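Have a look at the structure below, then the notes.
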Amino acid sequence: MVRALYCCMAGADVSLLPPGVGSSSSSLWDLMGNAMVMTQYVRLTPDMQSKQGAVWNRVPCYLRDWEMQVHFKIHGQGKKNLNGDGFAIWYTKDRMQPGPVFGSKDNFVGLGVFVDTYPNEEKQQERVFPYISAMVSNGSLTYDHNRDGRPTELGGCTAMVRNLNHDTFLVIRYVKRRLTIMIDIDGKHEWRDCIDMAGVHLPRGYFFGTSSVTGDLSDNHDIISLKLYQLTVERSPAEEKRDKEVFLPVVDNMKLPGVEAPLEPMSGLALFLIVFFSLVALVFAIVIGVIVYNKWQQQSRKRFY
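Following this line, the structure appears as structure tokens:
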């Protein structure tokens, strides 16, 4: 069951809708850098070199399961691979901190989803750009810009999103510790899978935002809307126990420096087998010990005769 959400805290509207920050939600969104409010969208960066912009919500989100729908447009005068650099959608502990990662700080704490339009890594052959990827960090990881974030990414997909005449959308869904990212970029009003990763543990109380940066190459990066929905899902008692609250982001089976991934609860059968074989090993060791001791005593008696 899904219902539209207009609050992460009571009475707090976190949706960014046309005409953008100039709407009734204006008091809950902050612009940063070169970001501009236009009639029907927020322009994070214009198609000019060395620009940086962002928009951040002021209200931390305490939802357990949620979905963020992003309506965006990337366009400019540059030809293929002569444009840049893309934009990021954030769910992070800190907000309004400029930096080198698509206009926001490096070593962030939380989730970053990157729509990367320029390949920085030389001899790039395995993937086609633009490319969407995701990263979870506890503050100890650095985004490797020269390698397009590949060492720390959770997954990704090619997404031809530049200079299109139809609407382009991206959705980030977080349900039962599962992160799913889908795109609708073909003008068919159909979602296509991009990333699907289980075992993603994100704390509550972080901030949503989006940022962009241009360097020697540039593009217009426009955010037409950000819509947040609360997802109402049922959990079994086992899932309730598994989905306990965390205080730092972590991904199961992925080592983040300084944080141990949560361990799955041990089943009753596994515990029984461990105890059983431990007892068998103990009895075996005792029997071997008794046999060795008896032989030693017999040899000792023979030496006295």
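Heads up, the sequence shown is in our numbering, so the first residue is 79 and it goes up one at a time. Yeah, the Cβ is synthetic: ideal placement off N, Cα and C, and Gly gets one too. As the structure is a computational prediction, the values presented were derived from the model and not from experiment.
{"query": "Mind reading off the beta-carbon distance from G217 to F186? Whole number of angstroms is fine, and I expect it under 8 Å.", "result": "7 Å"}
{"query": "Would you identify the three-state DSSP class for V361, choosing helix, strand or coil?", "result": "helix"}
{"query": "Within its chain, find whatever has a CB closer than 6 Å to the CB of S215; leave out the 5 residues flanking it on each side and keep chain order.", "result": "F186"}
{"query": "If we count the other Cβ atoms within 10 Å of its Cβ and call it buried at 16 or more, is M146 buried or exposed?", "result": "buried"}
{"query": "May I have the straight-line CA-CA distance separating S289 from S128, to the nearest angstrom?", "result": "14 Å"}
{"query": "Taking the beta carbon of V368 as the centre, do at least 16 other beta carbons fall within 10 Å, making it buried, or is it exposed?", "result": "exposed"}
{"query": "Name the residue from R205, T170, E268 and G111 whose alpha carbon lies nearest to the alpha carbon of G181.", "result": "G111"}
{"query": "Which of the three DSSP states is assigned to S218 in this structure?", "result": "coil"}
{"query": "Suppose contacts are defined by Cβ-Cβ distances below 8 Å. Is F150 in contact with D321 by that definition?", "result": "no"}
{"query": "Nearest-angstrom Cα distance between V311 and Y221?", "result": "33 Å"}
{"query": "Starting from the C-beta of I263, find all residues in its chain whose C-beta is less than 6 Å away, skip the five residues before and the five after it, and write them out in chain order.", "result": "A237, V239 and T246"}
{"query": "Take G265 as the anchor and find which of N243, Y252 and C272 has the nearest alpha-carbon.", "result": "N243"}
{"query": "Considering only residues of the segment 269-353, which uninterrupted alpha helix (DSSP H) runs meet the minimum length of 4 residues and lie entirely inside it, listed in chain order?", "result": "315-320"}
{"query": "Write down every uninterrupted run of the beta strand (DSSP E) in the segment 128-199 whose length is 3 residues or greater and which is fully enclosed by it, in chain order.", "result": "130-135, 144-153, 164-170 and 187-194"}
{"query": "Among the candidates M114, W107, L360 and W144, whose CA atom is the shortest distance from the CA of R136?", "result": "W107"}
{"query": "Output the distance between the C-alpha atoms of F362 and I273, rounded to the nearest integer angstrom.", "result": "50 Å"}
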